[in-house]
Amino acid sequence: AIAAMVTEEDMAKGTIIPSAMNLAVPPQVAAAVAKAAMEGKMARRQLDPEDIRNNTHDYLYEGILRIL
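Residue numbers (the working numbering): -6 to 61.
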């Protein structure tokens, strides 16, 4: 998930991981982790990774945390 956030332009500059200040990264990582946990049968609940991504986004950008 993190590698997908690095652009060709970033790599041309020698950047191989996204900036720690890039708030677009945590929602993508949260969705990828949720998906992997569910596919690996490690998740206690089956949730839509897109809901996880949206919830993480809303928490970071708006301070709204919903219990899913």
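Virtual Cβ for every residue (Gly too), placed ideally from N, Cα, C.
The shortest CA-to-CA distance from R38 to any of L61, R46, P20 is the one to L61.
With a cutoff of 7 Å on beta-carbon distance, A24 and P11 are scored as not near each other. In the displayed model, K6 falls within coil according to three-state DSSP, outside both helix and strand.
Short of 8 Å from the beta carbon of Y54, and not among the five residues preceding or following it, lie these beta carbons of its own chain, in chain order: L16. Within a 10 Å sphere around the beta-carbon of A5 sit fewer than 16 other beta-carbons, which makes this residue exposed. Counting along the chain, the unbroken alpha helix (DSSP H) around V18 starts and ends at 18 to 32.
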